[in-house]
Amino acid sequence: MKFEELKIFLDEKADQYNNPGFIENDPIQIPHRFSLKQDIEIAGFLAATISWGNRKAIIQSAEKMLDIMGNSPYDFVMNHSENDLRQIKDRSMHRTFNGEDFTYFIEQFNRIYQENESLESLFKINDSETSFLHAIERFRNRFLGTEKHRSHKHVSSPYKNSSTKRIIMFLRWMVRKDKRGVDFGVWENIDQKHLSIPLDVHTGNISRKLGLISRMQNDWKAVEELDLVIRKFDNKDPAKYDFALFGLGVTKELL
């Protein structure tokens, strides 16, 4: 397809899938159960962190975490007892994300929210930056701290050439503002023009099939390659094409 034809095609697909019906079978339904910004952030970050594998299983695992937190994530993060955490530590959560990881995340959230009203302040983009590359790494350093812990593997690093798919997906949820009812847009001070596509096996394969990227690995270099193309399609809201690529992947329309 020529550039204009491809843009029209992807615009149509983004429009088709970017609607409230998308929420029902997607992990984004987890933060959609809340209205308080901090609840949305915590529930969203946890759901995004475990977003690998079967979507139904991801949602069930996220619901288990919400139940443990009494379906009040922010209140639990700020007011839990040591005994609360002890009861979690040996429980399984989702695949390799276990109770020890969950308690570590709760402790880090507690520390962060004592110093910040919102996670947004940890993802601020500097004037010279055009993507979340450095912001994600700064967040990672602030959230994880300096002490080694098994949980560090659950927060990927773009500096290590990871596509950081789950963090980028979380950022789309928090930053995008389009009044379609899917993404939240609760972060007021970060421009959505800096967002990228959460790159995984499905979106990567569809991107190659459409000639959007040539790189074979789904890594940060591939994210940057895709950025260059999708920002030509829409430089104010490039991440909307995530709906198009994801939708094409799920429906197997191009196979």
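With my numbering applied, the sequence shown closes on residue 372, and no number is skipped along the way.
Every residue gets a Cβ at the ideal spot worked out from N, C-alpha and C, and that includes glycine.
In angstroms with no decimal places, state the Cα-to-Cα distance between residue i and residue j.
i      : j      : result
Asn278 : Glu341 : 11 Å
Ile159 : Phe249 : 19 Å
Lys310 : Asn352 : 6 Å
Gly187 : Met195 : 13 Å
Ser245 : His251 : 11 Å
Ser324 : Arg203 : 44 Å
Asn233 : Glu217 : 24 Å
Ser235 : Glu141 : 26 Å
Glu370 : Ser268 : 37 Å
Ile330 : Thr263 : 36 Å
Leu343 : Phe350 : 11 Å
Phe287 : Asn335 : 18 Å
Val318 : Asp201 : 37 Å
Phe162 : Ile285 : 10 Å
Glu224 : His211 : 19 Å
Thr247 : Ala356 : 14 Å
Tyr358 : Ile242 : 22 Å
Leu261 : Gly366 : 33 Å
Val272 : Arg257 : 7 Å
Lys296 : Arg228 : 32 Å
Determine the closest residue to residue i out of the options, with distance taken between C-alpha atoms.
i      : options                           : result
Asp354 : Arg228, Gly366, Met333 and Ile314 : Ile314
Ser274 : Arg267, Arg255 and Phe287         : Arg255
Ala179 : Ser198, Phe219, Leu365 and Asp201 : Phe219
Lys173 : Ile145, Gln231 and His266         : Ile145
Phe126 : Ala356, Leu327 and Asp336         : Leu327
Phe301 : Arg150, Glu122 and Lys338         : Arg150
Pro190 : Phe360, His266, Phe222 and Phe363 : Phe222
Ala361 : Phe120, Val292, Lys270 and Asp128 : Asp128
When we look at the beta-carbon of residue i and count the other beta-carbons within 10 Å, is it buried (16 or more) or exposed?
i      : result
Val346 : buried
Met333 : exposed
Gln155 : buried
Arg61  : No answer is possible for residue 61: the residues shown for the chain start at 118 and end at 372.
Gly298 : exposed
Val213 : Checking the sequence shown, residue 213 turns out to be Thr, not Val. By the neighbour-count rule (16 or more Cβ atoms within 10 Å), Thr213 is not buried but exposed.
Thr368 : exposed
Thr281 : buried
Gly321 : buried
Met118 : exposed
Can you name the residues that DSSP bridges to residue i?
i      : result
Asn215 : Ser209
Ser274 : DSSP lists no partner for Ser274.
Ser279 : Asp336
Check whether the stretch 125-137 touches the stretch 161-180, taking contact to mean three or more Cβ pairs, one atom from each stretch, closer than 8 Å.
Short answer: they don't touch.
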